[in-house]
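Undergrad: Take numbering that gives the first Met the number 0: the last position of the sequence shown gets the number 141, and nothing is skipped along the way.
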Amino acid sequence: MLLTPNFHLEEFTRTATGLPNVPNREERAELQALAVRVLQPLRDSIGKPVYITSGFRSAAVNRAVGGVAASQHRSGQAADIQVEGMSSMALARRIVALQLPFDQLIEEFGEWVHVSHAPQPRRQQLTAVRRAGRTRYLHGLR
0 MLLTPNFHLE EFTRTATGLP NVPNREERAE LQALAVRVLQ PLRDSIGKPV
50 YITSGFRSAA VNRAVGGVAA SQHRSGQAAD IQVEGMSSMA LARRIVALQL
100 PFDQLIEEFG EWVHVSHAPQ PRRQQLTAVR RAGRTRYLHG LR
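#1: Thinking Q124 and G139 are a contact (beta carbons under 8 Å), I'd like their distance in whole angstroms, please.
#2: Restricting to runs no shorter than 4 residues, where is the alpha helix (DSSP H) found entirely within the region 72-141?
#3: Between which two residues does the beta strand (DSSP E) carrying S53 extend?
#4: Could you check which residue in W111, R42, M0, E29 has the C-alpha nearest to that of S53?
#5: R56: buried (16+ other C-beta within 10 angstroms of its C-beta) or exposed?
#6: Mind checking whether T126 and V60 have CB atoms under 8 Å apart?
#7: By alpha-carbon positions, which one of R13, E29, P48, P22 ends up nearest to P4?
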């Protein structure tokens, strides 16, 4: 199912867990909103493919990957993304500079960007780092 000119539903539901990962109608609508409002405008701006490394997660997939119960991935509102040849920090900063209506933006460990949307976007910006074996979230992009 094509969500936007450059994003297919299958990109958001791919999982290496082998577990069922099929969004319902409401979750598909949230995935489409994320693609339309944030990901497609980003892709159009940079002119390169945006790779989804984690999109929608069923309850079983979310448990298997160690996701938090309240993860926006569960509702179809979030995706973890990468762009070849672009650092995760540069990608996060581009999203901010484009003034896209994101809810939460997390540059994670210098490896990928978590981006979500919501009806009332908070535009929260965080940087995830590992310290003493634990994940810490720092306010802002650092």
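In this text, a Cβ means the ideal position worked out from N, Cα and C, and glycines have one as well.
TA: Taking the coordinates as given:
#1: 6 Å
#2: 87-96
#3: Annotation for S53: the continuous beta strand (DSSP E) segment containing it runs 50-53.
#4: W111
#5: With 16 or more Cβ atoms within 10 Å of its Cβ, R56 is classed as buried.
#6: no
#7: P48
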